[in-house]
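Notes follow once the structure below has been shown.
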Amino acid sequence: MLDRAQVQKVAHLARLQLTPDEEATFTTQLSSILDYFELLSELDVTDVKPTTRAIEVSNVVRVDRQHPFPREDILDGAPDREGEFFRVPKIVTGD
Amino acid sequence: MTTAAPAKTQYEAIIGLETHCQLSTETKIFSDSSAKFTTEPNTHIDPICMGMPGVLPVLNQKVLEYAVKAGLALNCQIAPYSKFDRKQYFYPDLPKNYQISQFDLPIAEHGWVEIEMLDAENNPVRKRIGVTRLHMEEDAGKLVHGGSERLSGSTYSLVDYNRAGVPLVEIVSEPDLRSGQEAAEYAQEVRRIMRYLGVSDGNMQEGSLRCDVNISVRPIGQKEFGTKVEIKNMNSFNAIQRAIEHEIERQIAAIESGERILQETRLWEEGSQRTISMRIKEGSSDYRYFPEPDLGAIEVPSDQLDHWRSELPELPYQKRPRYETNFGLSAYDARVLTDDRDIAEYFEAAVAAKANPKQAANWIMGDISAYLNNERKTIKEISLTAIALAELTALIDANTISNKIGKDILPELLTQGGSPNAIVEREGLVQISDSGAIEMAIEAVIAANPKELEQYRGGKTKLLGFFVGQVMKQTGGRADPKMTNQLLAKKLNA
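Protein chains in written order, with the working numbering: chain A, 312 to 406; chain B, 415 to 908.
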């Protein structure tokens, strides 16, 4: 079971603003999803190695060689820019 | 009536360091734009480091190699299975809203660094500092707070993402450090090792080496740790030492006056030489780490690991005791010579060419270092080869020239190179060790300076130096100084 305070915490961490109605809805919905996952705990996994990844591929690396990308394409794609900088809302301290 | 003063409580500090080293690769950790430092904003950016949807990060093989070598050099075990994770937080210097880092399966763990300090008698005091882990991660971009220089209360900031995605290794020490001096020494040793490996330039001013300090104090004898405070923003080893010393005093004063130590991050202020509170620390669970689905796991094959291990150079903590044992150098000399790999290798090349080790050490630490400092040059940029230095020490050892003549011909050797033997031959600088020739010079000097002779014999014996100087002048500096002194004293006192 997930309680409302946990929903509020997760929403805060994800920077989501929820209305009281939404908080109630998500508390119920997330709880039922988590309860469903709880079914997995019925399995005995004592001798099963923990899975860290879904795909069994290791050691994918690339050569350390430059391929510059045209920066204007990226700067232009940003919501706001100032000259060669990206422009973002000022960060309020305390968080 | 006397009252016994209450015994003053003794405290000890428990200190651990988190060190971030930028790796000297050509490109970023997961994308192929340049990782080099530049002041031109947003020139080294690409869709991957900018977190565009649908892109696929791929690990730079040099980053893996450098991280493994750094782990080996810090005496770590290299993980048989390692992976990357996402660390979530919101800040505009982080375009993806998560940093790709390593959480529970770092590439290297359980290592140690040996620090060496010298006691009052210059004897080495060695201590092993545990290395909890070393992991790979990406750096964040840089915020330029346009508002502060412009209108106060500006509503926006500017961001430069050149540094976003630059490869880092984070090295976490065990809380084994007990003083500011130990912490500064540890950080210096880590930098020395990274530089020996050639994996990081370790430049603190440019931010390629950054240290965060975790520190708490407790009364000696108490088992539980005190509340831990993190300090950031030190940009020199000296600042690390002073910040820690200040913070130890601050925490002890707070405890003694009954205040509670807050678990928080504090910033070192260089100007006021104190730490100031930045923010109350959030618990690490708030980062909600989870495995990075876009990157495969890392399982370094054993032949690859052996190959990288075989490429490690001899490290400073291996050289120091060897210099003492093999070359009879003091702990101090060994420390100075091994601080820089190029200097150490130059010294070793000179010794391999049969230089007298103590003499070679003195030349390198004295006149040659002074020249390098004055000219802002490195040992690789001078014309005096290690072989020529060996020749120079041999000339002095064989009494062919005096140390003084050696110093006289050094500038030419440093700037133009060549062979000391040839210069001595060309300039006719061979030392005069024939007592007859020196006596002749002495007699000429005495005859030419009757007044000084009279004063000397009248008790002004300090004039011996004057006579020595005159004899040297007479012989073009070539008279054997020891013999000159002896013979002069004899003549003057006759």
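Beta carbons: idealized from backbone N, C-alpha and C, even for Gly. Fair warning: this is a prediction, and the values are worked out from it, not measured in the lab.
Cβ of residue i within 8 Å of any chain B Cβ
i	result
residue 348 of chain A	no
residue 375 of chain A	yes
residue 324 of chain A	yes
residue 386 of chain A	yes
residue 372 of chain A	yes
residue 382 of chain A	yes
Other residues of its chain near residue i: CB distance less than 8 Å, five sequence neighbours each side excluded
i	result
residue 718 of chain B	none
residue 537 of chain B	745
residue 735 of chain B	748
residue 565 of chain B	Note that residue 565 of chain B has pLDDT 47, beneath the 50 cutoff, so the model's placement of it is unreliable and no number is given.
residue 837 of chain B	823, 826, 827, 843
residue 641 of chain B	630, 674, 675, 676, 677
residue 885 of chain B	852, 855, 856, 859, 893, 898, 902
residue 802 of chain B	827, 831, 832, 833, 834
residue 511 of chain B	465, 502, 503, 504
Element boundaries [beta strand (DSSP E), containing residue i]
i	result
residue 703 of chain B	Residue 703 of chain B -> no beta strand (DSSP E), and no H or E assigned at all.
residue 522 of chain B	522-532
residue 633 of chain B	623-633
residue 840 of chain B	No beta strand (DSSP E) contains residue 840 of chain B, which is instead part of the alpha helix (DSSP H) from 834-841.
residue 515 of chain B	512-515
residue 434 of chain B	425-436
residue 570 of chain B	570-574
residue 538 of chain B	538-552
residue 557 of chain B	556-558
residue 921 of chain B	What the structure shows of chain B is the stretch from 415 to 908, and residue 921 of chain B is not part of that stretch, so it cannot be assessed.
Residues near residue i by beta carbon distance below 7 Å, same chain, minus five either side
i	result
residue 909 of chain B	Look at the range of chain B in this structure, 415 to 908, and you will see that residue 909 of chain B is not part of it.
residue 605 of chain B	616, 623
residue 334 of chain A	315, 318, 319
residue 681 of chain B	646, 647, 689, 690, 692
residue 441 of chain B	447, 448, 449, 474
residue 660 of chain B	687, 688, 689
Residue-chain proximity (residue i, chain A), Cβ-Cβ < 8 Å
i	result
residue 512 of chain B	no
residue 688 of chain B	no
residue 517 of chain B	no
residue 583 of chain B	no
residue 464 of chain B	yes
residue 521 of chain B	no
residue 733 of chain B	no
residue 679 of chain B	no
residue 792 of chain B	no
residue 497 of chain B	yes
residue 574 of chain B	yes
residue 613 of chain B	no
residue 580 of chain B	no
residue 765 of chain B	no
residue 506 of chain B	yes
residue 834 of chain B	no
residue 771 of chain B	no
residue 553 of chain B	no
residue 494 of chain B	no
N-terminal and C-terminal residue of the alpha helix (DSSP H) that residue i is part of
i	result
residue 444 of chain B	Counting along the chain, residue 444 of chain B falls outside any alpha helix (DSSP H), and DSSP gives it neither H nor E.
residue 788 of chain B	783-789
residue 940 of chain B	The first residue shown for chain B is 415 and the last is 908, placing residue 940 of chain B beyond what the model contains.
residue 828 of chain B	817-830
residue 321 of chain A	315-324
Same chain, Cβ closer than 6 Å to residue i, neighbours up to 5 away in sequence not counted
i	result
residue 778 of chain B	761
residue 329 of chain A	322
residue 731 of chain B	528
residue 476 of chain B	439
residue 698 of chain B	Model confidence at residue 698 of chain B stands at a pLDDT of 48, short of 50, so the residue's coordinates are unreliable; what they give is reported in the following sentence. Here the set comprises nothing.
Amino acids of chain E, ordered along the chain, whose beta-carbon sits closer than 7 Å to that of residue i
i	result
residue 571 of chain B	Among the protein chains of the structure shown, namely A and B, there is no chain E.
The ligand ATP heavy atom lying under 7 Å from the CB of residue i
i	result
residue 784 of chain B	Of ligands this structure carries none, so the ligand ATP is not represented either.
May I ask you to verify whether the region 376-384 of chain A touches the region 622-631 of chain B, counting CB pairs closer than 8 Å and requiring at least 3? Per the Cβ contact rule, the region 376-384 of chain A is not in contact with the region 622-631 of chain B (fewer than 3 Cβ pairs under 8 Å).
With three or more beta-carbon pairs closer than 8 Å as the criterion, would you say the region 583-594 of chain B touches the region 427-441 of chain B? They touch, by the three-pair rule.
Could you say if the region 805-816 of chain B and the region 890-903 of chain B meet the contact criterion of at least three C-beta pairs nearer than 8 Å? The answer is yes - the region 890-903 of chain B touches the region 805-816 of chain B, with three or more Cβ pairs under 8 Å.
For the pair the region 607-625 of chain B and the region 497-513 of chain B, tell me if three or more CB-CB distances fall below 8 Å. They do not touch, by the three-pair rule.
Could you list the residues in the region 467-492 of chain B with a C-beta less than 7 Å from some C-beta on chain A, going in chain order? Cβ contacts with chain A come from 472, 473, 474, 475, 476, 478.
Short-range partners of chain A found in the region 619-652 of chain B, where Cβ spacing is below 9 Å: The region 619-652 of chain B vs chain A, Cβ under 9 Å: nothing.
Which of the residues in the region 326-347 of chain A, read from start to end, lie with their CB under 8 Å from any CB of chain B? Taken in chain order, the members of the region 326-347 of chain A whose beta-carbon sits within less than 8 Å of a beta-carbon on chain B are 326.
So does the region 818-827 of chain B actually touch the region 860-874 of chain B, counting three or more Cβ pairs closer than 8 Å? A contact between stretches requires three or more CB pairs, one per stretch, nearer than 8 Å, and the region 818-827 of chain B fails this requirement with the region 860-874 of chain B.
Closer than 7 Å, Cβ to any Cβ of chain A: which residues of the region 700-718 of chain B, in chain order? Here the close residues are 700, 702, 705, 710, 711, 712, 713.
In chain order, what residues of the region 353-368 of chain A put their CB closer than 8 Å to some CB of chain B? Those would be 363, 364, 365, 366, 368, in chain order.
For the region 390-403 of chain A, list every residue whose C-beta sits within 7 Å of some C-beta in chain B, in sequence order. Result list: 393, 395, 396, 397, 398, 399, 400, 401, 402.
What residues from the region 431-455 of chain B come within 7 Å of chain A, judged by C-beta to C-beta, listed N to C? Per Cβ criterion, the list reads 439, 440, 441, 446, 447, 448, 455.
Would you check if there are 3 or more beta carbon pairs closer than 8 Å linking the region 451-464 of chain B to the region 665-679 of chain B? The region 451-464 of chain B is not in contact with the region 665-679 of chain B.
Sufficient close CB pairs (3 or more, under 8 Å) joining the region 719-726 of chain B to the region 341-351 of chain A: In this structure the region 719-726 of chain B does not lie against the region 341-351 of chain A, because fewer than three pairs of beta carbons, one per stretch, are closer than 8 Å.
Check whether the region 508-523 of chain B and the region 469-488 of chain B touch, using three or more Cβ-Cβ pairs below 8 Å as the test. Between the region 508-523 of chain B and the region 469-488 of chain B there are three or more C-beta pairs closer than 8 Å, enough to call the two in contact.
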